[in-house]
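Undergrad: Residue numbers (our numbering): 13 to 144. Every residue, glycine too, gets a C-beta built ideally from N, C-alpha and C. Let me begin by handing over the structure; questions about it come next.
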């Protein structure tokens with residue numbers, strides 16, 4: 013099932029939300045680093061639209077791990093980004109760049125669709141980088 017995860021990250025780097033959505037189950041649970049769990053593709057799409065407005069990001073150095081007969085996966089990567097528009101509750105955006113290690117954890121169903129995405133990064137590190 014690592015091909016699903018690879019496709020998900022390729023779609024992310026291409027800015028192709030529709031291709032990302034195609035990797036997800038209809039009832040996907042999206043656990044973001046800060047905030048509430050979003051359930052379903054519609055809320056995931058809303059999140060992606062918000063992120064596209066506020067950030068331009070490219071993921072590099074992606075390493076994907078698979079477990080539980082392909083039903084669980086994890087990935088670590090580096091987020092290379094530009095802060096484009098001020099996000100509510102965060103510092104003012106001035107096209108600051110950042111480089112941030114991050115990781116994601118996934119559950120997949122037997123058809124290879126992602127049923128859970130959990131993403132972690134160090135928010136304090138990001139804040140320090142965009143404040144500089």
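Please report the Cβ distance between residue 16 and residue 124, rounded to the nearest whole angstrom; I am assuming they are in contact, meaning their Cβ atoms lie under 8 Å.
TA: That pair is a contact at about 5 Å.
Undergrad: Let me know the secondary structure DSSP gives residue 45 once reduced to three states.
TA: Coil at residue 45, not helix or strand.
Undergrad: Cα separation between residue 56 and residue 131?
TA: Distance between the alpha carbons of residue 56 and residue 131: 13 Å.
Undergrad: Answer with buried or exposed for residue 75, where buried requires no fewer than 16 other C-beta atoms within 10 angstroms of its C-beta.
TA: Exposed is the call here.
Undergrad: In terms of alpha-carbon separation, which member of 45, 68, 29 lies closest to residue 109?
TA: Minimum Cα distance to residue 109 is reached at 68.
Undergrad: Can you check which of these residues, 52, 53, 46, 54, is closest to residue 102 by C-alpha distance?
TA: Among 52, 53, 46, 54, the Cα nearest to that of residue 102 belongs to 46.
Undergrad: So which of 49, 51, 129, 141 has the shortest CA-CA distance to residue 84?
TA: Considering only alpha carbons, the answer is 129.
Undergrad: Which residue comes first and which comes last in the beta strand (DSSP E) that contains residue 153?
TA: Residue 153 falls outside the range modelled here, since the chain spans only 13 to 144, and no answer is possible.
Undergrad: Roughly how many whole angstroms lie between the Cα atoms of residue 42 and residue 52?
TA: Roughly 8 Å separates the two Cα atoms.
Undergrad: Within the segment 52 to 135, note down every full beta strand (DSSP E) run reaching 3 residues or more, in order along the chain.
TA: You should have 67 to 79, 84 to 95, 108 to 120, 126 to 133.
Undergrad: So, helix, strand or coil for residue 38, using DSSP?
TA: Note: residue 38 maps to strand in three-state DSSP.
Undergrad: Ignore the nearest five residues each way along the sequence and tell me which others in residue 63's own chain have a CB closer than 8 Å to its CB.
TA: 69.
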